[in-house]
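The listed protein sequences derive, respectively, from chains A and B.
Here the working numbering is used: the first sequence runs in plain steps of one and ends on residue 414.
Here the working numbering is used: the second sequence runs in plain steps of one and ends on residue 414.
First the structure, in the form of structure tokens, and then the observations on it.
There are 2 protein chains.
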Amino acid sequence: MMQDSCQVTVINEQRIAQARAQMPDEAVLVEVAETFKLLGDPTRMKILQALAVTELCVCDLAALLEMTSSAISHQLRLLRARGIVRFRKAGKIVYYTLDDSHVQTLVEVSLCHETEC
Amino acid sequence: MMQDSCQVTVINEQRIAQARAQMPDEAVLVEVAETFKLLGDPTRMKILQALAVTELCVCDLAALLEMTSSAISHQLRLLRARGIVRFRKAGKIVYYTLDDSHVQTLVEVSLCHETEC
DNA sequence: TAAACATATGAGCATTCATTCAAGTGAAGG
DNA sequence: CCTTCACTTGAATGAATGCTCATATGTTTA
């Protein structure tokens with residue numbers, strides 16, 4: 298059995314070196330990927346789209362997306378942990394808003410591209 | 298046991314209607330999420346970063362990322378299916394390049410934000 | 001205080017997914 | 001031809017993930 302990772306047979310040493318030199322840190326790439334992963338789920342994408350329009354509480358989001366508030370709450374927890382959404386409490390109701398204009402920009406750009414606007 | 302989906306207890310009917318009216322089609326949101334999901338993996342993110350620098354063959358990418366070419370090939374297949382990368386054959390070697398400036402923009406914006414450039 | 005309610009959260013479960021392993025394809029060279 | 005090599009691909013596996021269900025928390029109201 299042979300080692301299938303091209304450790305010996307490098308085809309374009311020059312280009313590899315060039316790419317390696319310009320590659321951002323591993324940690325940075327992992328962080329960026331982590332953010333994209335959060336945007337890579339339909340439920341979370343819908344939540345972000347809705348919050349881009351207006352502030353909403355968990356129950357509103359659940360009604361809008363026709364899902365349980367538990368499911369919504371779980372997803373909001375992930376978005377919160379990344380600082381993508383922010384919340385404010387009004388009694389027992391918790392209102393969520395977007396808290397990362399950078400992410401909002403990404404979504405807008407993508408949406409614009411998808412709908413060819 | 299009660300129905301936990303807020304179908305009855307709507308808090309802000311007005312806002313829900315407003316959000317619903319401005320929400321893009323379900324299908325569009327799913328598509329956008331699907332693209333983000335592809336960007337949401339460290340391996341694929343590294344591949345895209347490398348290809349943003351220069352054209353590389355599978356073996357080069359494997360060497361650069363220190364992974365098997367099988368693993369790389371599997372990921373390239375997904376990126377190809379979305380039209381994010383393109384390939385050209387040179388004998389038995391297959392060279393890959395980026396094929397979606399929109400995605401490239403997304404990654405650049407994110408990277409720029411992450412590194413506070 | 002007790003009940004109702006909005007939300008949060010932990011465990012469980014079914015599904016998805018990234019990688020590995022083994023086998024297959026097609027091109028280049030002996 | 002036959003072998004080698006770059007790449008692809010299908011199956012298998014272990015890890016990650018999204019949702020449900022049950023329960024907990026904290027707030028409002030009867």
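No residue lacks a Cβ here, since even glycine has one placed at the ideal position from N, Cα and C.
Give the single residue among the options whose Cα lies nearest to the Cα of residue i.
i        : options                                   : result
B:Val244 : A:Asp357, A:Gln311 and A:Glu413           : For chain B, the structure presents residues 298 to 414; residue 244 of chain B sits outside this window and is missing.
A:Tyr392 : A:Arg379, A:Cys354, A:His399 and A:Ala378 : A:Cys354
B:His410 : A:Arg317, A:Ile369 and A:Phe333           : A:Phe333
B:Arg379 : B:Ile390, B:Met364 and B:Val400           : B:Val400
A:Pro339 : A:Arg385, A:Ala318, A:Thr412 and A:Gln372 : A:Gln372
B:Pro321 : A:Leu348, A:Cys356 and A:Met364           : A:Leu348
A:Arg317 : B:Ala318, B:Glu331 and B:Glu363           : B:Glu363
B:Ile313 : A:Glu331, A:Ile313 and A:Cys356           : A:Cys356
Specify the secondary structure class of residue i as computed by DSSP and reduced to three states.
i        : result
A:Ile313 : helix
A:Glu411 : helix
A:Gln304 : The predicted position of A:Gln304 is uncertain, since its pLDDT is 47 and thus under 50; a value taken from the coordinates is nonetheless stated next. Coil, per DSSP.
B:Met298 : In this prediction, B:Met298 has a pLDDT of 33, which is less than 50 and means its spatial position is unreliable; what the coordinates show is noted afterwards. Coil at B:Met298, not helix or strand.
B:Gln319 : helix
Can you tell me the Cβ-Cβ gap for residue i and residue j, rounded? I've got them flagged as a contact below 8 angstroms.
i        : j        : result
A:Gln346 : B:Leu326 : 6 angstroms
A:Asp396 : A:Val382 : 6 angstroms
Please report the straight-line C-alpha distance between residue i and residue j, rounded to a whole angstrom.
i        : j        : result
B:Ala423 : A:Ile344 : Absent from the structure is residue 423 of chain B, since the part of chain B shown begins at 298 and ends at 414.
A:Gln304 : B:Ser367 : A caution first: A:Gln304 carries a pLDDT of 47, below 50, which makes its placement in the model unreliable, though a value can still be read off. Spanning the two alpha carbons is a distance of roughly 14 angstroms.
A:Val329 : A:Val404 : 14 angstroms
A:Lys389 : B:Ile308 : 12 angstroms
A:Glu352 : A:Leu361 : 13 angstroms
A:Cys414 : B:Glu323 : 17 angstroms
A:Ile369 : B:Leu336 : 23 angstroms
B:Leu358 : B:Leu408 : 20 angstroms
B:Thr402 : A:Thr402 : 11 angstroms
A:Ser398 : B:Thr365 : 38 angstroms
B:Gln315 : A:Thr394 : 15 angstroms
A:Thr412 : A:Met342 : 15 angstroms
A:Arg385 : B:Glu331 : 30 angstroms
Mind checking whether the beta-carbon of residue i lies closer than 6 angstroms to any heavy atom of the ligand HEM?
i        : result
B:Leu326 : Looking at this structure, you won't find the ligand HEM or any other ligand, since it has none at all.
| Residue ranges of each alpha helix (DSSP H) within the region 321 to 405 of chain A, 4 or longer | Runs of the alpha helix (DSSP H) spanning 4 or more residues and lying entirely within the region 321 to 405 of chain A occur at 323 to 336, 339 to 350, 355 to 362 and 366 to 378, in chain order.
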